[in-house]
Each structure stands twice: as C-alpha cells, then as structure tokens.
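A.B. asks: Right, I'll just put the structure down here and ask away after.
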Amino acid sequence: MHIHLDSTTPIYIQIAEWLQHEIIANRLQADEKVYSQYQLAELFNINPATAGKGLTILLEEQLLYKKRGLGMFVATDAKDRILLKRRSEILTKMAQEIVLEAQRLLVSDEELLALIQKTQEELK
Amino acid sequence: MQSLTNMSFKTIVKKQVKWKAKLYSSALSSLIILQVIFGALLFSSGSASSGHGRGNLNVQFSIYSLDMFLIISALWAFIIAILFTTKSYRIDDLSIISSRTSSAIANILVLILYSFIAVLIMLASYYIQIFGLSLMEKDSLIIDKLIITPSIFIVCISSICLFGAIGLLFGYCFQGPSIIKISSIVLLAIVIISPIIFPDFVNLQPFIQLPDLLLSGFYVIVSILCFTLCIWIADKSEVSRK
Amino acid sequence: MTNITVLLLSLLIPILLVIVVLFVLRKVSNKTKNFWTLKHLSIGITAYIAVGLFALLYLSFFGDSSIQVLSKSELKKIEKNIESIQKYDQEYNSSFLTDNYKKKTWETDFLGGALPVIINNADSNLNIRHLNNDNIPAGKVLVTYYQFPAIIDGIDISDKISLPNVYMSQNQLWIEALSRNEVNFHRIKASLGILDFNRKVDLDDDYPSTIFYLSSNFIVIETPRGTDIEDSQGVIQYLR
Amino acid sequence: MNVIQCEKLSKKFGRLHALQDVTCTINGEKIIGVIGRNGAGKSTLLTIIAGFLKPTNGSCKVFNENSFNNIQTAANTILIDDRLSFSDYLSLEEILKMGADFYPNWQSELAYRLLHYANIDLSAKHQQLSKGQMATFNLVYGLVSRCALTILDEPMNGMDEAIRTDFYRAILKEYIAFPRTILIASHHLQEMESILEEILLINEGTVVTHVSVDELKEQLIALSGPSEMIESLLSDIDVYAHQIVAGVSTAIVDASKLFITEEMLRTKGITKSALTASEICRYLTNNKGSDIDAIFD
C-alpha cells in the first residue's frame, strides 16, 4: 500500500489505514511493537506529528496499547476487530458507492449482482 | 524544549574579529600597493625638500620623512572604513551569528588592529624606499634618524585610527535611519563650508604644536567619540540588503 | 583663504589618487579573487613587513653614510672656531691660515716687479687676501685656497664647494670662481616633517644647525716682499 | 516558552504596508510552512523574526526577547535565503569551518556528506556556484547549523526536481535527529506539504490562517452538482470560487459553515469532495469570488 501525499484523504488517516492493513496481513502480529511515529515519519517521508496522529487514532480505537517508555504494541484482538469493523464500515460504504455508480451508469440491479458474482468467481 | 545556545556577547565579537581580520586582509594588500606606488613616485624627491643658496653653491636637501606614507595610510583608512560598511561587507555578517552592534564593535576592533598593521606596512614601505635609495644614492645619503621614536609610532597609529573612525562613522551614518542620514549630510556640509567662509576660524597650529603623546591622546579621544556614535547608530540600523 | 585653498588642494590630490588606485584595485581584484586566497594575502602582507624589517636591519648595520650629521657639541666647537677665524681675519692677522684648512696650492712664475690680478668672481663670496712671504724667491707667486667649515642644517658641505680656477695668462694672475654648482643630499628623517616643521619655530631656535660664515673660502696670494699687486677691482685685502 | 510571538506586528516601507497587525504564536519544535503569494509579506515577516528589521508597530518576540538586533536571537536563529552571501575570499570548505566556529551545534561531518551527495566541490567559491548549487549549499549551511529556530525562505529556488525531493527528506531527517522549529516559506506547498505540521498562511500582510495541515484540509470543500441545486445552496454561505461547465456547477465553500447533511446533498445530486492543501491556500488567498476568467469577460 502506498501513501498518496497529494490525495485528498488526510495523511494521518492513510497512516492509520496502512497500519490496520499491516495488522490484517499479519505483518504486525499481536503484542508486537509497532513503528514509532519517527520511524513512520521516515518511512513515508511525512511529519512525525502527522504519523503520531495516525497512531493516536488506533490507540483511541484500542487497536494499540501503550507501554510506558517502550512504545506502542498491537492489541491482542486487533486483527479480529479490524476485520469486523472493515466489514461493517468499509464494505457498507463501498457497497453504497457501487450502487450509486450503478445508478448513474443505468446498470440494473440484476446486472450489478451478476457482476459481483462474476468478480467473486474470477478472484477466487 | 531544547536548550538554547547561550553565547556571551564577548565570545561572538571575538570570533567576528578573528574572521573579519582574516577576510578583510585584501584591504591591507591594497595599502601595500598604494604605498609602493607613492613610494616610487616620491623616490627621487622625498616627502619634502629644502634649498639653501650660498654664493655659487646651491644645496638641495630632499627629506625622506614619514609624512607622505602617513597621509596615504590615513586616507586609505578613511576609505576602507567606509567600504567596511558597504553592502558587500555588511551582508556577509548575516551569515554568521551577529547583531548590528556586535558587527560594529568587531569592525571597530578590526580597524584598530589594521591601523597598527598599517603603521607596520607604512614603516616597511619607508625602509624599503630608503634601502633602494641607499643603493642608488650612496654618496649623498644622510641618515639623520633611522629608527622611529615610540611617540611618533603612537602618533601614526592614532592618526590612522582617527581617519578610519571618521570613515566608519561616515559609512554608518549613511546606512542608519533616515533622520541620522539627513542630519549627517547637513553636518558634513557645515564642516566643509565653514573653513571656506571663516578661514581664520580654523587654526590647526596649536594642535600640531602639542607634544606627540598629547596629540595622540586628542586623536584617540575623537576616535572613541566616533566609534561610540558608530555603535549607537548601528544599534538603531535595520539590515538593508538592497 | 589662499592658505586654506593650498591645504585643501594638497589634500585633495592624494585623496583623488588614492581613490583612483583603490578603484582600479577593486576592479582588478574582482578578477584575481579566485586564485588570491586568504593564505596568499596574509603571506604577502607578512612578507612585505619582513622585507621592510630586513631593509631596516641592513640600513642600521651597513647603511653608514659617508656624510655625518654634526652633533650639537661639534657644532658648538665649529662655531667657536669660525668666530676666531672671523676675529683674526678682521684684525688682518694671518694666524688663522693653518694647514688644516689648506685645500690646494698653485705655484707660478711672473715677470717684473708687479703682478696684475684679475678676479672673475661673479657672484661668489670668494675672499681674496694678500700676504707677503719672505721665503718665496722673487718672480714666484704662491696661491693657496683655504676652505673653512660651512655647515648647512648640521651638514658640513665644505668638501662640496668647488675649487676656483687659478692660472697665469699674459703675465696676469687670473682667479676664477667656478660657475654655480648644485649639491643634492638625501636626508633620512624617520619622523613627521609636518610636526617637526611647526614645532621648530618655538623649540629649536637656540641651536643653529646652520653655520655659514660668509668668508668660508679664502684665496691667499703670497708674494715675496716688495712685489706690487695690481688689483684694479679693489677686492684684495692685505694681511700682516 | 514561545518560540515566536508576534503581537499586532506592522511594518511599513515608506507608504507600503508590508505587514499589518500580524498576531501569531509559534511554539514547540515544529516544521511550519509559511505560505503566501508573491508580495504577501512572507519574507518581511521572516526577516523581522530573524531580527534584521525593526517592526514599525507592535512587537516580535523570539525566545521571549525582542528579536530586533538581538544577539541572543542571532545565536539561536538562522535565516537562509537566496541573498545569503559569504566573503569572496572563502572557499566552501572555509565557509563550513567558519560556520563550525560560530554555531555550537554545527555538524561538520553531515555537511561534508550532504555536499558530496549533491556533487558540490568544496574548493569552489560561493559566488561561483550555479543558482541551484548555491541554494543547495545555503540549505545545507542552514540545516547543519542546528539553530533552535531555522528559517528557510524559498530554500529550494533553482534546485532541480531530484535534489528538491532529496532535500525535503534531508530536512525531515535532520528535524527528527535534532528537533527544532523550522519555518519554510515557499510557493510549492504541494511538494512539501507532507513534512509540514502547521501552515501559516499569509496574504496581503496579514495572517489568514494558522492551523495544522490536516485542519487546513478540512476548511474548504468542493461541491459539484446541477447548477440550480448548487445556486440554492450557496445563497447564505461564503463561496470562494464558483464555476459552471455544461450545466454542472462546482463551488468551493467554507466547510464549517455548511450545515447540511450528506443525505441531503446526495438527494440533491450534489457530490462533496475534499481539496488539496495547496488548492485551499490558493482559494483562501484569492479575492473572494474572483478568478482570472473574470478579467477576460
């Protein structure tokens, strides 16, 4: 995943999403230490404060926990909760967008469902 | 919050003097060239001459004194002091730790140091000229006084310093706030015009007749006055980089 | 007013020259800046001062000039001497004519009992004296040139005064002072002339460094007793 | 302790008002972008902060002291711009030595490595460098001095694309290695946006806004949809720009004043989209409602 510096999505949100992505992909295991804000800053060439904000979002969602003086670690149930949240939030939103776009392009409901099924088949 | 750098004013001025003394040394080389030129021009005639006619004998003394070298050095000091305050020198101060006050003080100290070196250069020029003379005119050479007295040495330093101080003041006046600029032009006009209108008013005779040390003392006091004004003006000046 | 103008002019010309030279130097230095590093400059300046120092050392060890400046005590002694010469001369006493001051002697013969003397002295201050000398055989004349000290500004210039021409022609004794001659001295005074000049008026007046007795050079014509000197110009004085 | 505190700061040059009633506070070690259009007063503000100019009115305090002609300010501040100059007699290497002599936190080793990386010959003279090389050298000089307040006025002027990217990263890494307050004035917000924490937007001698980059991005939004729907919506809110192309209107509006739910927008056929920071700065400093097209009408 890439950070798009010029995209309209705020960078700190992109950072938070990237970290979640890393957790889902098992590149960050449960109870493993996550990148510090300075490491993230260097990694993505962004301001450390912005990186810190991204971490704070995850901390507030309790996907990370803080050990005083040691840094932040992935919460034990982080991966499950992210998947759950993604399903509810992101998938819903994506579905919304697909439906809206289908309406704009005058695609009928049957056609849309068929398309989704076809895509599922292909990516399996 | 990280700790701030605390450098004493003295350390900064000291460092500035150290670098300025090095960086401005081209000024000293210009003095050497000036003195070589004037030394060559005055090689055969000396600074002054006196003639005596007795019967059918005409005796001509060409006197080789320090006068011309001193006048050249003093004028040089005046001009380089003005140059010190010009843009090309001034802007360089902004690249290092300095305030206008510190750079003015550093300029003054460099000027004093250079006055001292200028006297050494002046004496070197003088002795080189005489050395040349001693080779060419061996038979008509009269050595009245070869070694300069300490009091004359001090007069030379103080008079070069005085001219430098006036030049520096001049330069600082023209880059100071506009009120100072205007008043200095008016003052300058008065100084130039007054001896022409009241020629009797300006009489330098009593000054010249003062003993050497008193004369240098007087020069030093005027120099200090000029330097103080320089620092005062510099303190009020903005940086102009145009 | 004129004084001030002269002063201003004499200051203005060096100022202009200095400005012109500095301006040219700045233009030139803009081109040479790239290879004139600070190191070169400081070495150059130090070397220049060192050369000056060597020049001074050379001058103080080997630069002894042949011409000495007389000290005050020497001046006093000479002044006394000259005063005595003057006194004796005014008394027509020949005892001041010592060998010390003798510079040149001419010995010539002449015919007859009288010697016509023609003096071509123009504007010189040559003093001509006549002395009877019993030791000289008849028909001979001895002309001696004496040079007494002449001091200008503490320098004895008596050696620089040129000798007269003395010769016999058409049985006449001709004495010709040489035409004007000029002597140039280079005086080294490591001080400030402006100050010295202005102060001399008050401070240095009681010590005259110039002693120039008008009669510092003498021609003495010696003839045997009884010889007549024909002095049509009337400039010869007779000593006892 | 505030790093910079400007209080009703004004600066006049003759009749020209370069700065008017600037009040702003900067504290903490942040990288702050000073953004504004040409002649907005960026450079004037920065030179006042550096202590070169005296405020006509108001005060400018740096590290709690008036900055003008203050040696303590000078010791902790460095201003890098394209007018930075050094004696003609110094080679770059000697300039670095001089910097090391003056600035106590100087990083000689880093300076050598950065200049080597940028292919700049240390034996060259400053005035011989090309425009880009000079800018690079000046920036290196400013970074390795590690002054508590580092002011970079158009530091990348004249540098080529590749070296710009490298040196934005160099600024960031130096900042992480030695946190300090860095002010960067530039026209190119786009390319340095990511390393900034805050933006100080200046227009016509006054501070328009001083917020974090993320907050700035939320200030304005673009609404686009059928013209008549947009028109009805715009009647009571500030419009920064408004464009109609083939019956579809696009308007840039103040997000905080838009009291309308996303549901409502969707039903009206209006889509809401975010803008980049540099677009927002452009709209905020434009005279409201005007654009270049108006000139040609």
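Protein chains in written order, with our numbering: chain A, 12 to 135; chain B, -13 to 228; chain C, 13 to 252; chain D, 76 to 372.
We put the CB at the ideal spot given by N, CA and C, even for glycine.
1. Between the stretch 190 to 208 of chain C and chain B, which residues of the former have a C-beta closer than 9 Å to a C-beta of the latter?
2. Could you have a look at Gln294/D and say whether DSSP puts it in helix, strand or coil?
3. Return helix, strand or coil for Tyr179/C, following the three-state DSSP convention.
4. Give the residues from the stretch 164 to 179 of chain D that approach chain A closer than 9 Å (Cβ to any Cβ), ordered along the chain.
5. Note down the Cα distance separating Glu354/D from Thr342/D, rounded to an integer number of angstroms.
6. Who are the neighbours of Ser261/D on chain A, taking C-beta pairs under 7 Å?
7. How should Ile176/B be labelled, buried or exposed, when 16 other C-beta atoms within 10 angstroms of its C-beta is the threshold for buried?
8. Could you work out which residue in Lys167/B, Pro136/B, Leu109/B is closest to Phe66/C when comparing CA atoms only?
9. With three or more C-beta pairs closer than 8 Å as the rule, is the stretch 79 to 91 of chain D touching the stretch 130 to 147 of chain D?
10. Against chain C, with Cβ distances strictly below 8 Å, would Asp78/B count as a contact?
11. What in chain B is Cβ-close to Ile269/C, meaning under 9 Å?
12. Please classify His15/A as buried or exposed, where buried requires at least 16 other C-beta atoms within 10 Å of its C-beta.
13. Starting from the N-terminal side, write out each stretch of the alpha helix (DSSP H) that is 4 residues or longer and does not extend beyond the stretch 47 to 107 of chain B.
14. Could you give the uninterrupted runs of the alpha helix (DSSP H) lying entirely in the stretch 260 to 291 of chain D, keeping only those of 4 residues or more?
15. Mind checking which residues open and close the beta strand (DSSP E) that includes Lys77/A?
16. Using only the alpha-carbon positions, how far apart do Ser85/B and Ser160/D sit?
17. At a CB distance below 8 Å, what residues from the stretch 112 to 140 of chain B approach chain C? Give them in sequence order.
18. Compute the Euclidean distance between the alpha carbons of Asn37/A and Ala193/D, then round it to the nearest angstrom.
19. Would Tyr104/C be called buried (16 or more neighbouring beta carbons within 10 Å of its own) or exposed?
20. Quick one: which chain F residues come within Cβ less than 9 Å of Ala110/B?
21. DSSP state of Ile238/D, grouped into three classes?
22. Answer with yes or no whether the minimum CB distance from Gly153/B to chain C is below 8 Å.
23. Which term fits Met339/D, buried or exposed, when burial requires 16 or more other beta carbons within 10 angstroms of its beta carbon?
24. Could you give the residue range of the beta strand (DSSP E) that holds Pro336/D?
25. Can you tell me the Cα-Cα spacing of Gly118/B and Leu127/B, whole angstroms?
26. For Lys248/D, return the contacting residues in chain A, with the cut-off set at a CB-CB distance below 7 Å.
27. Does Ser331/D get closer than 8 Å to chain A when you measure Cβ to Cβ?
28. Quick one: what does DSSP say Glu234/C is sitting in, helix, strand or coil?
29. List the residues of chain B that Ile146/D touches, going by C-beta distances under 8 Å, in chain order.
30. Using a beta-carbon distance below 8 Å, is Asp216/C in contact with chain B?
31. If contacts are defined as beta-carbon pairs under 8 Å, then Arg199/C and Tyr112/B qualify, I think. What distance do you get, rounded to the angstrom?
32. Whole angstroms is fine: what's the gap from Asp217/C's alpha carbon to Ser228/C's?
33. Count the other C-beta atoms from every protein chain shown that fall within 10 angstroms of the C-beta of Met105/A, then say buried if there are 16 or more, exposed otherwise.
34. Give me, in chain order, the residues of the same chain whose beta-carbon lies closer than 8 Å to that of Ala63/B; leave out the 5 immediate sequence neighbours on both sides.
35. Check whether chain D comes within 8 Å of Leu126/A, counting only Cβ atoms and requiring the distance to be less than that.
36. Which term fits Ser183/D, buried or exposed, when burial requires 16 or more other beta carbons within 10 angstroms of its beta carbon?
C.D. replies: Considering the structure as presented:
1. Leu190, Ser191, Arg192, Asn193, Glu194, Val195, Asn196, Phe197, His198, Arg199, Ile200, Lys201, Ala202, Ser203, Leu204, Gly205, Ile206, Leu207, Asp208
2. coil
3. strand
4. none
5. 27 Å
6. Within 7 Å Cβ-Cβ: nothing; Ser261/D doesn't reach chain A, min ~15 Å.
7. exposed
8. Leu109/B
9. yes
10. no
11. This structure cannot speak to residue 269/C, because chain C is shown only from 13 to 252.
12. exposed
13. 53 to 70, 73 to 78
14. 264 to 267
15. 75 to 78
16. 16 Å
17. Tyr112, Tyr113, Ile114, Ile116, Phe117, Leu119, Ser120, Glu123, Lys124, Asp125, Ser126, Leu127, Ile128, Ile129, Asp130, Lys131, Leu132, Ile133, Ile134, Thr135, Ile138
18. 40 Å
19. exposed
20. Of the chains in the structure shown, none is chain F; the protein chains are A, B, C and D.
21. helix
22. no
23. exposed
24. The sequence as given places Thr at residue 336/D; Pro does not occur at that position. Here Thr336/D belongs to no beta strand (DSSP E), and DSSP marks it neither H nor E.
25. 11 Å
26. Glu53
27. no
28. strand
29. Met(-7), Phe(-5), Ile(-2), Ile83, Ser84, Ser85, Thr87, Ser88
30. With a pLDDT of 49 at Asp216/C, under the threshold of 50, the predicted position of this residue should be treated as unreliable, though the coordinate-derived value follows. Answer no: the Cβ-Cβ gap between Asp216/C and chain B never drops below 8 Å.
31. With a Cβ gap of about 13 Å, Arg199/C and Tyr112/B do not count as contacting.
32. With a pLDDT of only 48 at Asp217/C, under 50, the local geometry of the prediction cannot be trusted, and the value read off the model is given with reservation. Using only the alpha carbons, I get a separation of about 23 Å.
33. exposed
34. Leu97, Tyr100, Ser101, Ala104, Ile146, Cys147, Phe149, Gly150, Gly153
35. no
36. exposed
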